[in-house]
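J.: Residue numbers (full-length UniProt numbering): 1 to 260.
Once you've had a glance at the structure underneath, I'll fire off some questions.
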């Protein structure tokens with residue numbers, strides 16, 4: 001009986017160790033004291049190499065110290081291709097070096113260097129992006145997610161927004177010729193035409209897509225993580241250890257059983 005208890009303790013201890021080993025690996029969520037805003041967004045983007053300048057601004061509201069910032073911009077397109085989109089990260093000195101990763105209709109543009117500015121209470125850090133679309137774009141949609149990280153690649157704040165992209169012909173339609181015959185408009189009946197959609201900014205916590213690790217080394221925020229992760233691995237390991245412990249118990253029981 002003592003052999004049974006000893007083997008059971010081994011299985012439980014190993015399972016507990018596997019579970020606690022996962023607990024310390026959880027990545028942190030965006031820090032509550034930081035916030036990011038996206039400005040300079042037009043009501044809609046017009047194709048034809050017309051350049052728009054977007055600004056991502058991060059600020060902090062607590063009394064903490066100053067930190068450096070690394071920016072990462074996640075871009076997703078719908079109804080057009082990534083090679084029809086041009087994005088350039090700029091500073092006062094010119095273009096800022098980027099590491100670019102693409103997957104399907106999604107691209108991540110991460111600063112290779114820390115931003116020249118310093119984020120302090122009462123002081124912001126701004127990243128500027130020049131965005132343009134090729135002239136052969138008809139109609140589509142683009143989504144942006146501006147993410148600010150500290151030097152240890154801990155997510156500070158994130159802001160998302162989406163806008164429509166229209167071609168040059170659709171952006172400035174020619175007026176249709178008017179008919180000489182008057183048309184009667186029925187009264188009291190609602191119009192069946194849907195109103196134009198107003199572009200709105202998405203809330204800070206909304207995830208545009210599953211982002212890859214910025215800079216190739218940082219993990220994703222918890223809210224955006226998915227797939228087979230450490231939780232599933234810990235449960236599988238715990239189940240395997242319990243299975244081995246049960247097998248050990250059965251073997252010890254056979255060994256301790258008195259011979260007939």
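C-beta atoms are modelled at their ideal positions from N, C-alpha and C, and glycine is treated no differently.
These numbers were taken from a predicted model, which means no experiment stands behind them.
Run through the DSSP bridge pairs and tell me what residue 261 is partnered with.
T.: Coverage of the chain is limited to positions 1 through 260, which leaves residue 261 absent and any answer about it impossible.
J.: Sort 116, 125, 100, 146 by Cα distance to residue 82 and report the nearest one.
T.: Among 116, 125, 100, 146, the Cα nearest to that of residue 82 is on 100.
J.: With a threshold of 8 Å between beta-carbons, can residue 33 be considered close to chain C, or not?
T.: Chain labels in this structure do not include chain C; a single protein chain is all it has.
J.: Should residue 72 go down as buried or exposed, given a rule of 16 or more other Cβ atoms within 10 Å for buried?
T.: It is buried - the Cβ of residue 72 has at least 16 other Cβ atoms within 10 Å.
J.: My assumption, with CB atoms under 8 Å, is that residue 97 sits in contact with residue 108. Please give the rounded CB distance.
T.: Their Cβ separation, rounded to whole angstroms, is 15 Å, which puts residue 97 and residue 108 out of contact at 8 Å.
J.: Looking only at C-alpha atoms, which of 114, 118, 92, 76 sits nearest to residue 103?
T.: The residue with the shortest Cα to Cα distance from residue 103 is 76.
J.: Between the C-alpha atoms of residue 160 and residue 134, what's the straight-line distance to the nearest angstrom?
T.: So the alpha carbons of these two residues sit roughly 23 Å apart.
J.: Just confirm the distance between the C-beta atoms of residue 53 and residue 139, as a whole number of angstroms; I'd bet it's less than 8 Å.
T.: So it is not a contact: roughly 22 Å between Cβ atoms.
J.: Answer yes if the region 51-66 comes into contact with the region 113-125, meaning at least three C-beta pairs across the two stretches below 8 Å, and no otherwise.
T.: A contact exists between the region 113-125 and the region 51-66.
J.: Over the uninterrupted beta strand (DSSP E) stretch that includes residue 133, give me the two end residues.
T.: Note, residue 133: beta strand (DSSP E), 125-133.
J.: For residue 94, which beta-bridge partners are listed by DSSP?
T.: In the DSSP output, where bridge partners are listed per residue, residue 94 has 91.
J.: Whole angstroms is fine: what's the gap from residue 51's alpha carbon to residue 131's?
T.: The straight-line gap from Cα to Cα measures roughly 6 Å.
J.: Rounded to the nearest angstrom, what separates residue 166 and residue 85 at their Cα positions?
T.: If I take the Cα positions, the gap works out to 13 Å.
J.: What are the residues that DSSP puts in a beta bridge with residue 61?
T.: Per DSSP, none; premise fails for residue 61.
J.: Look up residue 204 in the DSSP assignment and say whether it is helix, strand or coil.
T.: With a pLDDT of 40 at residue 204, under the threshold of 50, the modelled position of this residue cannot be trusted; read the value that follows with caution. Residue state, collapsed to three classes: coil.
J.: Is the beta carbon of residue 82 within less than 7 Å of some heavy atom of the ligand PLP?
T.: Among the ligands in the structure shown, none appear at all, so the ligand PLP cannot be discussed.
J.: From what residue to what residue does the beta strand (DSSP E) around residue 155 run?
T.: Taken as a continuous stretch (DSSP letters only), the beta strand (DSSP E) holding residue 155 covers 155-166.
J.: So, at 6 Å on beta carbons, what are the nonlocal neighbours of residue 198 in its own chain, with the 5 sequence-adjacent residues on each side left out?
T.: Unreliable positioning characterises residue 198 in this predicted model, as indicated by a pLDDT of 43, which lies under 50. The coordinate reading is nonetheless provided below. Answer for residue 198: no residue qualifies.
J.: Classify residue 41 as helix, strand or coil using the three-state DSSP reduction.
T.: Residue 41 falls in the coil class under three-state DSSP.
J.: Give the C-beta separation of residue 146 and residue 32 to the nearest angstrom, bearing in mind that I take them to be a contact with Cβ-Cβ under 8 Å.
T.: Rounded, the Cβ-Cβ distance is 18 Å, inconsistent with contact.
J.: Grab me the residues of residue 45's own chain with a C-beta within less than 8 Å of its C-beta, minus the 5 sequence neighbours each way, in chain order.
T.: The residues are 52, 131, 133, 142, 163, 164, 165, 166.
J.: Assuming contact is defined by CB atoms lying nearer than 8 Å, are residue 150 and residue 90 in contact in what I supplied?
T.: In this structure, residue 90 does not lie closer than 8 Å to residue 150 by Cβ.
J.: In or out: residue 246 buried (at least 16 other Cβ within 10 Å) or exposed?
T.: Looking at its Cβ environment, which holds fewer than 16 other Cβ atoms inside 10 Å, residue 246 is exposed.
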